[in-house]
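Engineer:
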Amino acid sequence: MIVFATSDKGGTGRSVTSCNLGYRLCSKMGKNVAYLDFDFGSPTAGALFEIGGMERGISSGSGLHSYLLGKIDVATRVDVRGNTDRTDLRKLPGPTGKLVLLPGDLGGGEFDKKANDDIVERCARLLLELDQAFDVCLVDLSSGRSVAMDISLKATALPQLATRTVRWLVFHRWTRQHILAANGLVHGEHGLLECGVRVGHDRETLLDNLRYVRTAVPQLNMATGGSGPQAAWLHQQDAMLKHLASTKEVGASALLGETPVEPVLQYREQLILDIDVKKEIANRPTVVAFDLLAKRLIDEATWIRF
Ligand SMILES: Nc1ncnc2c1ncn2[C@@H]1O[C@H](COP(=O)(O)OP(=O)(O)OP(=O)(O)O)[C@@H](O)[C@H]1O
Ligand SMILES: [Mg+2]
Numbered sequence: 004m005i006v007f008a009t010s011d012k013g014g015t016g017r018s019v020t021s022c023n024l025g026y027r028l029c030s031k032m033g034k035n036v037a038y039l040d041f042d043f044g045s046p047t048a049g050a051l052f053e054i055g056g057m058e059r060g061i062s063s064g065s066g067l068h069s070y071l072l073g074k075i076d077v078a079t080r081v082d083v084r085g086n087t088d089r090t091d092l093r094k095l096p097g098p099t100g101k102l103v104l105l106p107g108d109l110g111g112g113e114f115d116k117k118a119n120d121d122i123v124e125r126c127a128r129l130l131l132e133l134d135q136a137f138d139v140c141l142v143d144l145s146s147g148r149s150v151a152m153d154i155s156l157k158a159t160a161l162p163q164l165a166t167r168t169v170r171w172l173v174f175h176r177w178t179r180q181h182i183l184a185a186n187g188l189v190h191g192e193h194g195l196l197e198c199g200v201r202v203g204h205d206r207e208t209l210l211d212n213l214r215y216v217r218t219a220v221p222q223l224n225m226a227t228g229g230s231g232p233q234a235a236w237l238h239q240q241d242a243m244l245k246h247l248a249s250t251k252e253v254g255a256s257a258l259l260g261e262t263p264v265e266p267v268l269q270y271r272e273q274l275i276l277d278i279d280v281k282k283e284i285a286n287r288p289t290v291v292a293f294d295l296l297a298k299r300l301i302d303e304a305t306w307i308r309f
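First residue of the sequence shown? That's 4 in this note's numbering, and the numbers climb one at a time after it.
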């Protein structure tokens with residue numbers, strides 16, 4: 004399964020949630036996961052996995068930028084557990100699935116305005132190969148109507164990928180502006196549906212394979228003690244957001260799931276390990292939310308649209 008992670012805005016929690024989702028798929032469900040850093044302007048996935056020297060991309064010109072530009076034939080693959088500086092992750096007991104990072108190039112930068120045919124062809128070749136080798140390929144795209152989105156839509160419209168399972172996750176924060184932005188990215192002008200249809204996708208199929216992820220959603224009762232004017236106001240706002248989300252087609256029926264506000268992630272972009280919960284550093288509901296996202300992602304029932 005190929006899963007594109009996108010968002011209209013930056014800083015939505017797309018990368019942190021995707022890497023934790025990938026980690027849970029691999030550590031809890033035994034899935035082999037490839038994580039592709041397609042955030043070409045800011046390829047910082049190495050930092051999330053705490054791979055020393057790779058925090059802003061791989062330096063040897065052997066990353067995804069070089070591969071897609073045709074400078075090399077094979078993009079570097081990094082085994083996360085074998086290369087992370089995170090001791091608890093390195094010494095994780097028991098067999099788990101593989102978690103492999105394909106980093107971008109250090110200083111690689113965004114591609115030119117349009118995705119040319121060579122880049123698209125190379126992207127399709129890579130996705131096909133990885134999809135055959137891994138259970139889940141998570142592709143973290145640059146935010147907005149990016150060249151990364153354009154390349155991905157064009158590549159997955161090619162006949163060689165037509166029979167593969169391709170999903171789209173649209174990340175957004177639980178605010179008015181983010182709900183409107185997520186709707187715009189999918190349904191708006193030059194949005195995912197419009198661009199997808201232009202390059203040969205079927206609109207309904209794209210929608211069937213698209214779900215939203217709400218990140219860092221405040222837990223109202225915990226935040227306010229559940230009573231008083233502030234609690235009443237927050238509940239009212241939350242109800243308004245739910246209404247807005249459903250009118251903007253970002254509502255419950257199109258939702259993959261949500262993550263709660265996690266103090267650890269407010270301070271640091273990282274994987275949350277079970278040991279972080281055991282040590283009472285991270286909150287249990289956060290890993291429960293990541294596990295639920297992982298479960299729902301691979302459950303076929305999630306992808307039936309009514
Ligand atoms: N559940 C959460 N609770 C609190 N903070 C969170 C949560 N999820 C993500 N964050 C934090 O929000 C910030 C933005 O997250 P992240 O970098 O994953 O977003 P992004 O959409 O990938 O951004 P960019 O567009 O810059 O790549 C980070 O500091 C991250 O740790
Ligand atoms: Mg990111």
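Glycine is no exception: its CB is placed at the ideal position from the N, C-alpha and C atoms.
#1: Can you grab the Cα-Cα spacing for the pair M57 / R287, in whole Å?
#2: When you compare each of V19, G13, M32 and D11 to L300 by their alpha carbons, which one comes out closest?
#3: Provide the residue(s) that pair with W177 in DSSP beta bridges, ordered along the chain.
#4: When the distance is taken between beta carbons, is D40 closer than 8 Å to L188?
#5: When we look at the beta-carbon of Q273 and count the other beta-carbons within 10 Å, is it buried (16 or more) or exposed?
#6: Just mark N119 as buried or exposed, buried being the case when its beta carbon has 16 or more other beta carbons within 10 Å.
#7: Could you tell me whether the Cβ atoms of F174 and V202 are closer together than 8 Å?
#8: Kindly indicate the opening and closing residues of the alpha helix (DSSP H) around D120.
#9: Hey, quick one: how far does the alpha helix (DSSP H) through T159 stretch, first residue to last?
#10: Which ranges does the beta strand (DSSP E) cover as unbroken runs of at least 3 residues, wholly within the segment 177-255, from first to last along the chain?
#11: Shorter than 7 Å, the distance from the beta carbon of Q269 to the closest heavy atom of ligand 1, or not?
#12: Do R308 and L210 come within 8 Å of each other at the CB atom, strictly closer than that value?
#13: Are the Cβ atoms of L164 and L129 separated by less than 8 Å?
#14: Measuring alpha carbon to alpha carbon, tell me which residue in A304, G260 and L223 is nearest V291.
#15: Assuming A8 is part of the beta strand (DSSP E), what are its boundary residues?
#16: Thinking C-alpha only, which one of K251, T20, A234 and G66 is nearest L109?
#17: Whose CA, out of G14, G16, G13 and C29, lies closest to the CA of A297?
#18: Touching or not, the segment 176-190 and the segment 249-258, by the rule of three or more beta carbon pairs under 8 Å?
#19: Mapping the DSSP letters down to three states, classify P162 as helix, strand or coil.
#20: Expressed to the nearest angstrom, what Euclidean distance is found between the alpha-carbon atoms of F137 and E124?
#21: Below 7 Å, is the gap between the Cβ of P96 and the nearest heavy atom of ligand 1?
Structural biologist: Per the coordinate set shown:
#1: 29 Å
#2: M32
#3: In the DSSP output, where bridge partners are listed per residue, W177 has none listed.
#4: no
#5: Burial call: buried.
#6: exposed
#7: no
#8: According to the DSSP assignment, D120 belongs to the alpha helix (DSSP H) that extends over D120 to A136.
#9: Residue range V150 to T159 is occupied by the alpha helix (DSSP H) that includes T159.
#10: 213-220
#11: Because some heavy atom of ligand 1 lies under 7 Å away, the Cβ of Q269 counts as near it: yes.
#12: A contact, by the Cβ cut-off of 8 Å.
#13: No.
#14: G260
#15: I5 to T9
#16: G66
#17: C29
#18: yes
#19: P162 carries a helical assignment under DSSP once its states are collapsed to helix, strand and coil.
#20: Computed Cα separation, rounded: 20 Å.
#21: no
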